[in-house]
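Data first, discussion second: the structure below is written as structure tokens.
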Amino acid sequence: MSKVDFYILPTDALSARLDFACKLCEKAWRLGHRVYLHCQDAEQRNALDERLWHFKGEAFVPHDPAEANAEAAVALGLGDDAGTHRDLLINLGAEVPGFVGQFERVAEIVVEEPVIRQAARERFRFYREQGYALQDHRLQRL
Numbered sequence: 147m148s149k150v151d152f153y154i155l156p157t158d159a160l161s162a163r164l165d166f167a168c169k170l171c172e173k174a175w176r177l178g179h180r181v182y183l184h185c186q187d188a189e190q191r192n193a194l195d196e197r198l199w200h201f202k203g204e205a206f207v208p209h210d211p212a213e214a215n216a217e218a219a220v221a222l223g224l225g226d227d228a229g230t231h232r233d234l235l236i237n238l239g240a241e242v243p244g245f246v247g248q249f250e251r252v253a254e255i256v257v258e259e260p261v262i263r264q265a266a267r268e269r270f271r272f273y274r275e276q277g278y279a280l281q282d283h284r285l286q287r288l
């Protein structure tokens with residue numbers, strides 16, 4: 147069963163959520179893991195696409211939309227199919243995706259924005275009721 151980590155950021159800025167997703171993604175990718183970033187919508191996916199190219203100056207994380215390259219080491223996806231990814235799911239959607247069980251690790255990134263926080267509570271409750279191993283990380287700074 148997947149291990150689920152909730153990263154609680156000390157800000158209400160939605161952009162901080164995307165920036166932290168990029169940091170997690172880069173770390174996992176550098177360690178040789180395949181990463182699936184599950185996006186809420188196309189607008190969020192486009193914002194992540196831009197950030198992954200530029201978030202660390204000249205460094206970047208190679209990635210593709212999941213539909214364009216299902217085998218990409220880092221895939222940005224929408225919808226109900228994560229393909230063959232199994233290592234890390236970074237869920238930026240409002241709900242738990244149906245394919246969550248195929249991943250070894252799941253990362254949920256929470257900011258202090260009320261709608262995001264409430265949706266995260268509901269996801270936490272779902273994971274707990276389903277018996278997932280849960281861990282929360284309350285970050286003091288970004």
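Numbering (the numbering used here), first residue to last: 147 to 288.
Don't be surprised by glycine CBs; every beta carbon is placed ideally from N, CA and C.
Quick caveat: nothing in here was measured; it's all calculated off a predicted structure.
*Mapping DSSP to helix, strand and coil, what is F201?*
coil
*Apart from the five residues on each side of it in sequence, which residues of its chain come closer than 6 Å, Cβ to Cβ, to V242?*
R269 and F272
_Between the CA atoms of E204 and A240 - distance to the nearest angstrom_ = 31 Å
*Alpha carbon to alpha carbon, how far is L280 from I255? Give it in angstroms, no decimals.*
13 Å
_chain D within 8 Å of G239, Cβ atoms only_ = The displayed structure is made up of one protein chain only, and chain D is not part of it.
*Does the distance from the C-beta atom of R289 to that of K149 stay below 8 Å?*
The requested residue 289 does not occur in the structure, where the chain is confined to residues 147 to 288.
*Using the Cα positions of V257 and F245, report the straight-line distance between them to the nearest angstrom.*
24 Å
*Residue range of the beta strand (DSSP E) that E217 falls in?*
Looking at the DSSP string, E217 is not in any beta strand (DSSP E), and its letter there is neither H nor E.
_Delimiting residues of the beta strand (DSSP E) encompassing Q286_ = Neither: Q286 is in no beta strand (DSSP E) and is coded neither H nor E.
_Report the CB separation of L361 from A193 in whole angstroms; it is logged as a contact under 8 Å._
Since the displayed the chain opens at 147 and closes at 288, residue 361 lies outside it and no answer follows.
*Tell me, which residues are paired with K149 by DSSP?*
Beta-bridge pairing links K149 to R251 and A279.
*Under the three-state DSSP convention, the category P211 falls into*: strand
*Could you tell me the distance, in whole angstroms, from the CA atom of Y278 to the CA atom of L235?*
14 Å
*Give every residue of the same chain whose Cβ lies closer than 7 Å to the Cβ of E259, excluding the five residues on either side of it in the sequence, and list them in chain order.*
D158 and L160
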